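Novice: Chains as they are written, first to last, in the numbering used here: chain H, 1 to 384; chain A, 1001 to 1384; chain W, 2001 to 2384; chain F, 3001 to 3384.
Idealized CB from N, CA, C, for every residue including glycine.
For clarity, every value in this text was computed on a predicted model and none was experimentally measured.
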């Protein structure tokens, strides 16, 4: 069976996320990149196509052209699935057009720039029946999946407290005014959408918490700040959470935590024990059961004490670190399995989960509710 | 010069904190324990006096008797300073009586069980002019003092964000019903006062944050929970903070974080860098300056890069871990220096700081305001 | 420019290292796998070819056939470079034949099973002028390259002491008798060669030490053990080292260190400071300069304090962990650059280093000398 | 019962170890310091006596005078036990005289400066029947005792490999020539004895390994170096070990490992698992059992999974760090229990172990054999 034929929108030279999507797609050999509209700038698009060894005929300067042109190619040749690696405001039109042209979609987060768009997109996904994967990549880490299995198995008892934090420091100074492309668009509401730090990383924290615990936020109370003068969007967010069923939570995300890199961390406590996972040390899951020594569960295909799903999302035995790209590639691999299942009609293994449009909708709701809370005098805002 | 003559109220066999106060007083040889009213139970008091090698004549069954009897002894013999190591509701009457009998006081926290009491006690401290030290012991850690110096030197720039957390797990189950004396009184509002987890450890977190940063809380928004059914006091507290001047904060304390031991941790971020300190790894201060490698400042009398005050609160060269008792002993040592200065009239070195009645008042205000916020529908409660 | 056309010998389903070579080649898109002789077992070879989406015509059951058949294909179609991912005893004949058929070679370590073979192979490499890369993959880690730059810049002063350790525990029990293919051949001298633990991981330690420091071993004194009864080869090796110029070293490798995973670690001390790197936490380099706080250098394309070479061997900004496969892929990428330079005649960037046949020869000498020392009554064995 | 009456020889102001002995004796209230001959310099001795609040009548300028004068005091007043905290060459004459004057002895390590002296001292200890404790303080750490219990319980199976390392960096430069008193005498063979780094810290490593494992060294092979030009004694030692029964070991100690503080670490591997302990993180014992998650055993009086002896050598619940002085105080406390048992005739609890003259003899043998090996051309030197 040939590799899945992938196209990419965005991700031209200079992009942060483009190279990650590419490598995540390449790593396990499931995908072949066959075409791309990497940039509106023809030179950049051509340059990127060359770097990726593409046939120049399949390097486009416009994503609209790419979608229609590829749609007209013979079935066995045309792109099957498209990755959307553009700034946020383009996700919605591009995903809509891709689905309407019959392509499966892998879309970067946040899925859109409004809840309304997200809901409309969800309708289209459901109508077309095509596969839609959202790269909330941190849920691709094997030990996050292990945490989820442990929590859901009841090993920690009834969940009471969730603490999820995501401090970064890269926006400590106003680098959007000194040439950082990444910072420029992320601090521009028209391109980024209304949630700054919130939309960039806050929703990763929210997604991770709900993914691992299976709990749903019921109320929240938030404080957003733009610490850097002249910055239009929030660069720091602190949120108190109340989950359905009685658990409580603290979530915070920050991009002005000077000196922090990408320190996503989650702790979940039940009445029998707790788990802790840190993105910067991703191959260890800390398990603390009442009155027992702390246990360090270590990632590895040979670790028989891990859940099977965890091991299936690993490539290497213990002690051989897998990292960010491997976790991202798990999302790609599980989407590939879903597409193959779609094509073959064979059922999909339960171990092949990935974030979908539902995660996208939930993330947009989170952004809207936190924004609402932040300017409200009322303490608790319902999450609905 | 002879050692300072110390007496102790409370701290009988079975007490957690009594042995700590004793060792903190003994460690550096500044104090001699000369008397004690360790318990209302004469057997326990006698037993404890014996363990501490006291003259049986100076082991009392009642603190009231101890205060008056000692007061009648000759000046060169009588107790000079008294440690109050009793459950919270006794702090106020005992401290008042001790001061009114002319004794300096070292009091465990929380200083009282209400703000009103704390304010009255403050008046008495000021009126008598005696020394009053409060064992907010975490500020006795040398690397906490280093953090304070760094923040206040401006090395981190303008402070924007403070995250202080204090998870414990020891009250995850209702051990107050199965014989734990420590848990029993701490979950009894009459003895403990109205703030459970809040009053036991939440105020340590508050005190640490204000000690290091010098910032004052201006508003807060809190969520308190009693997770364990039938428990009368909170066992979990999450608080959003706004400081005067614009900094924001997240504070949480919890005693149902299953598997956690005594994981007090603080992070402070300015616009030039951040610092991080963890009580369970207390000899390292993590310093993160923008665009520089992370630095691990290591405690040691021989570490010339540390501030002088830090080194003066250390006993050993780097690599020889000092711990909880040593930090507690720094409080005792600095109070001793203050008492000696009181007696001699010599000025006190600026390096000899310790928590005072003002910290106590502030802690009681914190408890009252968090309790108020927790049941309020208004989001931000002023801190005054 | 098209991708480099890669073939693979060995690495059939069930192989540990085959999948790593494949992913290392795929990750950055430099190579396309065009053919393979994955196993003598036609089913396994076919199965592996299918998993890698190969044209069945280019899946071979014999590596000899593959080399001659590919050699007869048109230039623009035929394999250009071959990866040898077979057990050790096959490296020599396969590499010789590959070179003699005009193919560049990427060979797993140890390069051969004797020093004599290694020297003969070196002659052939030099005679053919083809590119020969050896996957001493740990030198592909960016922070290993940073350590090398720091040491060689003189920042640590004159190097005095090197401690390199490589404990594993996977051969603690005689799993070679209970179905572990990996253990079976590695404990069989005919297939593995004469150095057990020594040849499997000891030479990684030796290679890492010489790579980072630039020092050459002058004398060694070794103690080899086969702890597991009936095991024919060493499973534990401890070696004292003396380097030319006066530095000393301790090297140990072990596969019976129960509970250890893949804990390669190196420390290098000069008269001005030291560095420390651990494979299981590979994105941090610990730098300890005299009288300064310990520094944690953190991997990241955005870390401007790192040497340029280090950043060129990274893909992601700080805080996004890269791992084992990424380091392996650096070896592949740098070999690709070398092959492209070979084809184009353009000079190769100095940042594109990779282990060569010289590392292979040195490793085989190390194995022979440690074996000699281990049975000798003389303390110091010259390393030549 | 009154406190034990302690005297001290050496440990005057400026001494490193004097203050540690003092605090270790004070911490738990078992001892009262009643007299001292802190220095030959009367001013220093007086100054130190004052700092320790001694009666000036019992501050001596000569240890000989102290021993005889104290011996002539009434039984209930005179010193009962003497701490020897002087440079190494004085340990022997002082300990001999103390014993011969009827005093129990607590002696710093190394016990003497030759094996011959150590054996003679052992004879005197046995002849007098007095208590002799040697402050190999690292065996006082509770988690070292836990490691010992675990190893000896057989939980790790048959012990195969021991790795013990003790890197320090404080003698990286020739500070003995720039005013460091500590460095001066430690690099002077007449005062320090013949083993430099070896006698200062190498014997701690040796003692720790034998204490935990119960194994006896049978052969060794060593390489000693004086890296700093003009230094007369070794500042770096690397040793291969063979234990009776077949286990192997690597031991190294170094004082030129620039940037290291006091990084004593031991790992012990059996055929069922391993343990790891680090002095700079002393409250955690890492336990790695085959095919199980790594366990972090945490020190705490409330940790019921710990052995009883471990908990009896702790003062605080988990999460409240105990450190170097507390471990040292365990030695003092256990010696106190032994002296009380001596006085009362009551049996001593098995949990009250401490290093004795036998550890001292073994340490001196270790120094002599390593020195012999270091200059020998024979590989293995018998340890006897």
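Whose C-beta lies closer than 8 Å to the C-beta of residue 80(H) among residues of the same chain, with five residues either side of it excluded?
Specialist: 4, 5, 6, 103, 104, 339
Novice: Could you tell me whether any Cβ in chain W is nearer than 9 Å to the Cβ of residue 1155(A)?
Specialist: no
Novice: Tell me, which residues are paired with residue 3277(F) by DSSP?
Specialist: Answer is 3266(F), bridged to residue 3277(F).
Novice: What does residue 397(H) reach in chain W if we use C-beta pairs closer than 9 Å?
Specialist: Since the first residue shown for chain H is 1 and the last is 384, residue 397(H) is missing from the structure and cannot be characterised.
Novice: Cα-Cα, which of 1220(A), 1054(A), 1147(A) is closest to residue 1305(A)?
Specialist: 1147(A)
Novice: Could you tell me which chain H residues have their CB closer than 8 Å to the CB of residue 1232(A), listed as they occur along the chain?
Specialist: Those do not exist, as residue 1232(A) stays about 17 Å from chain H at its closest Cβ, beyond 8 Å.
Novice: State the Cα-Cα distance for the pair residue 3023(F) and residue 379(H), rounded to the nearest angstrom.
Specialist: Residue 3023(F) and residue 379(H): Cα-Cα distance of roughly 52 Å.
Novice: Run down chain H in chain order and give the residues with a C-beta less than 7 Å from the C-beta of residue 2028(W).
Specialist: 23
Novice: Measuring CA to CA, which of 228(H), 376(H), 367(H), 373(H) is closest to residue 116(H)?
Specialist: 367(H)
Novice: Of the choices 381(H), 234(H), 83(H), whose alpha-carbon is the least far from that of residue 188(H)?
Specialist: 234(H)
Novice: Reducing DSSP to helix, strand and coil, say where residue 3067(F) ends up.
Specialist: helix
Novice: With a 10 Å radius around its C-beta and 16 neighbouring C-beta atoms as the bar for buried, classify residue 375(H) as buried or exposed.
Specialist: exposed
Novice: Can you tell which of 2213(W), 2039(W), 2238(W), 2095(W) has the C-alpha that lies nearest to the C-alpha of residue 2369(W)?
Specialist: Closest by alpha carbon: 2238(W).
Novice: Closest by CA to residue 3051(F), which one among 1028(A), 1247(A), 1203(A), 1163(A)?
Specialist: 1028(A)
Novice: Could you pull the start and end residues of the alpha helix (DSSP H) that residue 2328(W) belongs to?
Specialist: 2324-2344
Novice: Between the beta-carbon of residue 3011(F) and the beta-carbon of residue 3063(F), is there less than 9 Å?
Specialist: no
Novice: Helix or strand or just coil, what does DSSP make of residue 2019(W)?
Specialist: Looking at residue 2019(W) - three-state DSSP - the assignment turns out to be helix.
Novice: List the whole-angstrom C-beta distance separating residue 2254(W) from residue 3161(F), where the pair is believed to meet the contact cut-off of C-beta under 8 Å.
Specialist: With a Cβ gap of about 6 Å, residue 2254(W) and residue 3161(F) count as contacting.
Novice: Any idea which residues DSSP pairs residue 2036(W) with across the strands?
Specialist: Under DSSP, residue 2036(W) shares a beta bridge with 2008(W), 2059(W).
Novice: For the candidate residues 1344(A), 1122(A), 1341(A), 1284(A), whose alpha-carbon lies nearest to that of residue 1141(A)?
Specialist: Comparing Cα-Cα distances from residue 1141(A) to each of 1344(A), 1122(A), 1341(A), 1284(A), the minimum goes to 1284(A).
Novice: Just checking: is the beta-carbon of residue 2297(W) within a distance shorter than 9 Å of some beta-carbon in chain H?
Specialist: no
Novice: So, using beta-carbon positions, are residue 113(H) and residue 363(H) closer together than 9 Å?
Specialist: no
Novice: When the cut-off is 9 Å and only beta carbons count, does residue 1186(A) lie next to chain F?
Specialist: no
Novice: Kindly indicate which residue of 1172(A), 1159(A), 1258(A) has the alpha-carbon position closest to the one of residue 1216(A).
Specialist: 1159(A)
Novice: Do you know offhand how far residue 3197(F)'s Cα is from residue 3264(F)'s?
Specialist: Rounded to whole angstroms, the separation of the alpha carbons of residue 3264(F) and residue 3197(F) is 13 Å.
Novice: Of the choices 1165(A), 1267(A), 1205(A), 1232(A), whose alpha-carbon is the least far from that of residue 1176(A)?
Specialist: 1232(A)
Novice: If we count Cβ pairs, one from each stretch, closer than 8 Å, do we get three or more for the stretch 2031-2044 of chain W versus the stretch 1241-1259 of chain A?
Specialist: Judged by pairs of C-beta atoms under 8 Å, the stretch 2031-2044 of chain W does not touch the stretch 1241-1259 of chain A, as fewer than three such pairs exist.
Novice: Which chain W residues sit within Cβ distance under 8 Å of residue 1305(A)?
Specialist: 2291, 2292, 2293
Novice: Which of helix, strand or coil does DSSP assign to residue 1230(A)?
Specialist: Three-state result, residue 1230(A): coil.
Novice: Report buried or exposed for residue 2248(W), applying the criterion of at least 16 other Cβ atoms within 10 angstroms of its Cβ.
Specialist: A residue is called buried when at least 16 other Cβ atoms come within 10 angstroms of its Cβ; residue 2248(W) meets this threshold and is buried.
Novice: Label residue 145(H) either buried or exposed according to how many other C-beta atoms from any shown protein chain fall within 10 Å of its C-beta, with 16 as the threshold for buried.
Specialist: Flag for residue 145(H) reads buried.
Novice: Can you check DSSP and say which residues form a bridge with residue 3104(F)?
Specialist: The beta-bridge partner set that DSSP reports for residue 3104(F) consists of 3081(F).
Novice: Apart from the five residues just before and just after residue 42(H), which ones in its own chain have a Cβ nearer than 7 Å to its Cβ?
Specialist: 61
Novice: To which residues of the same chain is residue 193(H) closer than 8 Å at the C-beta, ignoring the five residues directly before and after it?
Specialist: 88, 89, 110, 112, 113, 114, 199, 367
Novice: State the beta-bridge partners of residue 2252(W) as determined by DSSP.
Specialist: 2165(W), 2238(W)
Novice: From which residue to which residue does the alpha helix (DSSP H) around residue 3308(F) run?
Specialist: 3308-3312
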